[in-house]
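Q: Handing you this structure, nothing more for now.
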Amino acid sequence: MIFSHISDTHLGLTQYGLQEREDDVYLVFNESIDTSIKDHVDFVIFAGDIFHVPNPSGTAILQMANALKRLKQNNVESFFVLGEHDISRIRSSPIPYVYHNLGFSKYVGQGTPIIHKGVLIAGFDKIRRGEMSKFYDKFSEIDKIAASHQGHKILVMHQGISEINQFAGELSSTDLPKNFTYYAMGHLHDKFLKQFSHLGGPVAYPGSIEMTTSEGIKETQKGFYEVDISTSEARPSWIKLDTRPQLSDRVEFENLNESITKTIAKITGYSKKPIIEIKIHGNNIDSDIIQSQITRLAPHTLHYTWKITQVEDSGGSVLLERPSSIDDELFRLAINYLGTQENATFAIQELLPLLSTNKIKEAEQAILEEFERFRSKK
Numbered sequence: 001m002i003f004s005h006i007s008d009t010h011l012g013l014t015q016y017g018l019q020e021r022e023d024d025v026y027l028v029f030n031e032s033i034d035t036s037i038k039d040h041v042d043f044v045i046f047a048g049d050i051f052h053v054p055n056p057s058g059t060a061i062l063q064m065a066n067a068l069k070r071l072k073q074n075n076v077e078s079f080f081v082l083g084e085h086d087i088s089r090i091r092s093s094p095i096p097y098v099y100h101n102l103g104f105s106k107y108v109g110q111g112t113p114i115i116h117k118g119v120l121i122a123g124f125d126k127i128r129r130g131e132m133s134k135f136y137d138k139f140s141e142i143d144k145i146a147a148s149h150q151g152h153k154i155l156v157m158h159q160g161i162s163e164i165n166q167f168a169g170e171l172s173s174t175d176l177p178k179n180f181t182y183y184a185m186g187h188l189h190d191k192f193l194k195q196f197s198h199l200g201g202p203v204a205y206p207g208s209i210e211m212t213t214s215e216g217i218k219e220t221q222k223g224f225y226e227v228d229i230s231t232s233e234a235r236p237s238w239i240k241l242d243t244r245p246q247l248s249d250r251v252e253f254e255n256l257n258e259s260i261t262k263t264i265a266k267i268t269g270y271s272k273k274p275i276i277e278i279k280i281h282g283n284n285i286d287s288d289i290i291q292s293q294i295t296r297l298a299p300h301t302l303h304y305t306w307k308i309t310q311v312e313d314s315g316g317s318v319l320l321e322r323p324s325s326i327d328d329e330l331f332r333l334a335i336n337y338l339g340t341q342e343n344a345t346f347a348i349q350e351l352l353p354l355l356s357t358n359k360i361k362e363a364e365q366a367i368l369e370e371f372e373r374f375r376s377k378k
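Residue numbers (full-length UniProt numbering): 1 to 378.
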C-alpha cells in the first residue's frame, strides 16, 4: 500500500505580481496529483495550507476541486487538515470544508480518527501557539487509540517542531503522540525527514510544492513524498516536481559583464525561464553600470533582481539585502525589540501574515485574543 503526502500547496499564490507564478503553482500541484494517480497510490494526504489565503480566488478553488475529482475518478481517497493560511480569524467557514461536505475529500482536522483500508488516520488543524496547552490531553487520548490499533497509524499536523526550526516550532517532538508509524507534517517549507527514537515512525515534512515569498530566491528542489506502508515500517520516497528554476549568484562588480554573460549562457537551455537574483560585491559600485548590465537578463528570465554587497575597511562585508533566511532574521530582530520569544512568535507568525495581506479585521481579532490570553495569565 502506498499513499502520497503533499503539503503547503498555497494555491492562488501570485508571486511578484506575475500570473505566470500563480500558474507555476497550479502546474506543479497538478503534477503531484497526476504522479500520484500514475503510481496507483491508495490515498492522498494534504497536510495544510491548501490555499494561500482563506478567501481564495475562484481559479484556486476550481484547481483543487478538479484535482480531487480526478482522484475520485481513479478511486483514490484523500484526507486533509487546515493550515493557518486556510483559516480566517473572523470565524467564517474555511473553503476546504466544501470539499468534505460534497464528498470530494475527507476532513480529519479535529483529532477524531478514521480507518481507511485498515490504516488509522488522525489529524489536527493548525494549533495557535497560545492554544497548544489545551491539546495535550487530546494528544494523549489519540495516542491511546493508536496504541491499540493493529496496523499503520498516520498523524497529520500542520505544526513546526522546535528541534527542526526553533523559531517556527510550536511544540517539541516529545509532545507528539508516540504510537504513530508516520507523522505527515506541514508548515515548514523545506523538505525534512527524521526518525526520533521516542516516536513510532518518521516525522516527515515534504515542504512547499513551489517557492513562496518568504523563502527568498535560491536554488532548491520541491516535491512531495510517496510513502510505502506495505510492511510494518513506513518508507517515504521523495518525488521531485518540475518547478521553475531559481538562482542566486554572488558576483564581483569588476567582473559583472563576464558574470552576466556566463549566467545567460547557463540559463539559455532551461525549459522554463528562471528567476534570478544577482548579489554584487565590490567597492566604488556604479548603479548605472549595474542597471545596463543586469537588463541583459530580461529576455532570458521571468523575473530578476539585484542587490549590493559592500566591503568594509575591516576586511569584512555588509550585505545590503535581506539575509539568506528572512524568517530567522525577523525573529531575531523581533526578540530584540519585543523582549521575549513568545511576543516575537505572536508578532511574526500570527500578526505579520495578516497585516501583510491587508486582513485588518483578522489582525484586530488576533490582537484581542492575544490580550485576553495575556490577561488570563495575570
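C-beta atoms are modelled at their ideal positions from N, C-alpha and C, and glycine is treated no differently.
For residue 9, I'd like the list of residues in its chain whose CB is within less than 6 angstroms of its CB, leaving aside the five on either flank, ordered along the chain.
A: The count along the sequence shown starts at 1 and reaches residue 9 at position 9. Result list for residue 9: 29, 50, 209, in chain order.
Q: Please classify residue 295: is it buried, with 16 or more other beta-carbons within 10 angstroms of its beta-carbon, or exposed?
A: Indexing the sequence shown from 1 puts residue 295 at position 295. Classification for residue 295: exposed.
Q: Residue 296 by DSSP, collapsed to three states: which one?
A: As a working note, residue 296 is residue 296 in the sequence shown. Helix at residue 296.
Q: Using CA atoms only, rank isn't needed, just tell me which of 202, 252, 14, 60 is closest to residue 233.
A: Reading the sequence shown from its first residue, position 233 is the one you call residue 233. Across the set 202, 252, 14, 60, the C-alpha of 202 shows the shortest separation from the C-alpha of residue 233.
Q: Tell me residue 185's beta-bridge partners as DSSP assigns them.
A: Reading the sequence shown from its first residue, position 185 is the one you call residue 185. DSSP, once it has assigned bridges, lists 157 as partnering residue 185.
Q: Please work out which residues of its chain come closer than 6 angstroms, Cβ to Cβ, to residue 272, disregarding the five sequence neighbours upstream and downstream, and give them in chain order.
A: For the purposes of this step, residue 272 is identified with residue 272 of the sequence shown, where counting begins at 1. Cβ within range, chain order: 244.
Q: Are the CB atoms of residue 164 and residue 192 nearer to each other than 8 angstroms?
A: In the sequence shown, the residue the question calls residue 164 occupies position 164. In the sequence shown, the residue the question calls residue 192 occupies position 192. Yes, the pair counts as a contact, with Cβ atoms nearer than the cut-off.
Q: In angstroms, rounded to a whole number, what distance separates the CA positions of residue 222 and residue 82?
A: To locate residue 222, count along the sequence shown from 1; it is residue 222. To locate residue 82, count along the sequence shown from 1; it is residue 82. Straight-line Cα distance between these residues: approximately 21 angstroms.
Q: Are the beta-carbon atoms belonging to residue 184 and residue 2 less than 8 angstroms from one another?
A: Counted from its first residue, the sequence shown places residue 184 at position 184. Counted from its first residue, the sequence shown places residue 2 at position 2. Not a contact, by the Cβ cut-off of 8 angstroms.
Q: According to DSSP, simplified to helix, strand and coil, what is residue 38?
A: Reading the sequence shown from its first residue, position 38 is the one you call residue 38. Helix at residue 38.
Q: Can you grab the Cα-Cα spacing for the pair residue 335 / residue 34, in whole Å?
A: Residue numbering aside, residue 335 sits at position 335 when the sequence shown is read from its first letter. Residue numbering aside, residue 34 sits at position 34 when the sequence shown is read from its first letter. The straight-line gap from Cα to Cα measures roughly 44 angstroms.
Q: Does the count of Cβ pairs from the stretch 245 to 259 and the stretch 12 to 29 closer than 8 angstroms reach three?
A: no
Q: What does the alpha-carbon distance come out to for the pair residue 78 and residue 118?
A: For the purposes of this step, residue 78 is identified with residue 78 of the sequence shown, where counting begins at 1. For the purposes of this step, residue 118 is identified with residue 118 of the sequence shown, where counting begins at 1. For residue 78 and residue 118, the distance between alpha carbons rounds to 15 angstroms.
Q: For residue 154, I'd like the list of residues in its chain whose CB is within less than 6 angstroms of its CB, leaving aside the five on either flank, ordered along the chain.
A: Walking along the sequence shown from the start, residue 154 turns up at place 154. Residues 121, 182, 184 of the same chain have their beta carbon placed closer than 6 angstroms to that of residue 154, with the five preceding and five following residues left out of the count.
Q: In angstroms, rounded to a whole number, what distance separates the CA positions of residue 55 and residue 217?
A: Residue mapping note: residue 55 aligns to position 55 of the sequence shown, counting from 1. Residue mapping note: residue 217 aligns to position 217 of the sequence shown, counting from 1. One C-alpha to the other measures close to 26 angstroms.
Q: Under the DSSP definition of a beta bridge, which residues are partnered with residue 251?
A: As a working note, residue 251 is residue 251 in the sequence shown. Beta-bridge pairing links residue 251 to 280.
Q: The alpha helix (DSSP H) that contains residue 99, what's its start and end?
A: For the purposes of this step, residue 99 is taken as residue 99 along the sequence shown, with counting starting at 1. Where residue 99 is concerned, the enclosing alpha helix (DSSP H) stretches over 97 to 101.
Q: Thinking just about the alpha-carbon of each residue, which of 277, 307, 264 is nearest to the one in residue 299?
A: By 1-based counting over the sequence shown, the position of residue 299 is 299. For the residues 277, 307, 264, the minimum Cα distance to residue 299 belongs to 264.
Q: Could you give the uninterrupted runs of the alpha helix (DSSP H) lying entirely in the stretch 115 to 149, keeping only those of 4 residues or more?
A: Complete alpha helix (DSSP H) runs here, min 4: 136 to 148.
Q: Is the beta carbon of residue 226 sitting closer than 8 angstroms to the one on residue 41?
A: Residue 226 sits at position 226 when you count from the first residue of the sequence shown. Residue 41 sits at position 41 when you count from the first residue of the sequence shown. Yes, Cβ-Cβ distance for residue 226 and residue 41 is below 8 angstroms.
Q: Here's a check: name, in chain order, each residue in its chain whose Cβ is nearer than 6 angstroms to the Cβ of residue 170, leaving out the five neighbours to either side.
A: Against the sequence shown, residue 170 aligns to sequence position 170. Closer than 6 angstroms at the Cβ level, and outside the excluded window around residue 170, lie 129, 132, 159, 160.
Q: Less than 8 angstroms between the C-beta atoms of residue 72 and residue 104, yes or no?
A: Here the question's residue 72 lines up with position 72 in the sequence shown. Here the question's residue 104 lines up with position 104 in the sequence shown. In contact: residue 72 and residue 104 (Cβ atoms closer than 8 angstroms).
Q: Under DSSP, the alpha helix (DSSP H) around residue 244 begins and ends at which residues?
A: For the purposes of this step, residue 244 is taken as residue 244 along the sequence shown, with counting starting at 1. For residue 244, there is no enclosing alpha helix (DSSP H), as DSSP gives it neither H nor E.
Q: Could you name the residues of the same chain whose beta carbon sits closer than 7 angstroms to that of residue 293, not counting the 5 residues immediately before and after it, in chain order?
A: Reading the sequence shown from its first residue, position 293 is the one you call residue 293. Excluding residues within five positions, the ones whose Cβ falls inside 7 angstroms are 256, 257, 260.
Q: What is the rounded straight-line gap between the Cα of residue 249 and the Cα of residue 301?
A: Here the question's residue 249 lines up with position 249 in the sequence shown. Here the question's residue 301 lines up with position 301 in the sequence shown. Their backbone Cα atoms lie some 14 angstroms apart in a straight line.
Q: Taking 8 angstroms as the cut-off, decide whether the C-beta atoms of residue 190 and residue 31 are in contact.
A: Position 190 of the sequence shown holds residue 190. Position 31 of the sequence shown holds residue 31. It is not a contact, given that the beta carbons lie outside the stated cut-off.
Q: If you run the structure through DSSP and keep just helix, strand and coil, what is residue 174?
A: Here the question's residue 174 lines up with position 174 in the sequence shown. Helix at residue 174.
Q: If you reduce the DSSP assignment to three classes, tell me which class residue 335 lands in.
A: Working through the sequence shown from its first residue, we reach residue 335 at position 335. Three-state result, residue 335: helix.
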